[in-house]
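First up is the structure itself, then whatever we jot down about it.
Residue numbers (my numbering): 1 to 127.
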C-alpha cells in the first residue's frame, strides 16, 4: 500500500503541474482507494469515482484504461457490493472496450474466467 500511496502522490503532483495526461490514472486510483474502505458512504463514492474514471479515460481516448477501470469496477461490484447485475454490465463493457482496442487475449481470458458470471450465475468470483 505504501508504494501505491507514493505513486498516487506522484501522479497527483503531476496533475497539479498541469499534466492532464495523468487525470485518468488519478481518477482510477481514487476509485480504487475508495473501494478499499468499506462504509456505505465510501461505496457511493467508489461507484461515482469508478464511473468518473471510466468516462475520463474514454473521453481522453484511453480505451485500454477505460476497459481496465470498467473491469476493476465490475470486480468491486461483485466482490464487495454483491451487485451481480451491474458487475455483469461493467464486465461486458470492459470486454467490449478491450475488443475495440484489439486485446482479444484479454477478452478470451475474461470470458473463460467469468463465464458463469456472464451467463448469470454467481458461482465464480472476481479476484
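Just so you know, even glycine gets a beta-carbon here, dropped at the ideal spot from N, CA and C. Note that this is a predicted model, so its numbers are computed, not measured.
Proximal residues to residue i (C-beta, below 7 angstroms), its chain only, five neighbours per side dropped
i          : result
residue 45 : 34
residue 6  : none
residue 88 : 117 and 118
residue 52 : 27
Nearest-angstrom beta carbon gap, residue j and residue i [assumed within contact, 8 angstroms]
i          : j          : result
residue 11 : residue 29 : 7 angstroms
Buried versus exposed, by CB contacts within 10 Å (16 or more), residue i
i           : result
residue 100 : exposed
residue 56  : buried
residue 111 : exposed
residue 75  : buried
residue 59  : exposed
residue 62  : buried
residue 25  : buried
Close Cβ partners of residue i (< 6 angstroms) along its chain, the five nearest in sequence each way excluded
i          : result
residue 71 : 94
residue 49 : 30, 31 and 34
residue 67 : 94, 97 and 98
residue 73 : 50 and 90
Unbroken stretches of the beta strand (DSSP E), 3 residues or longer, contained in the stretch 34-60: none
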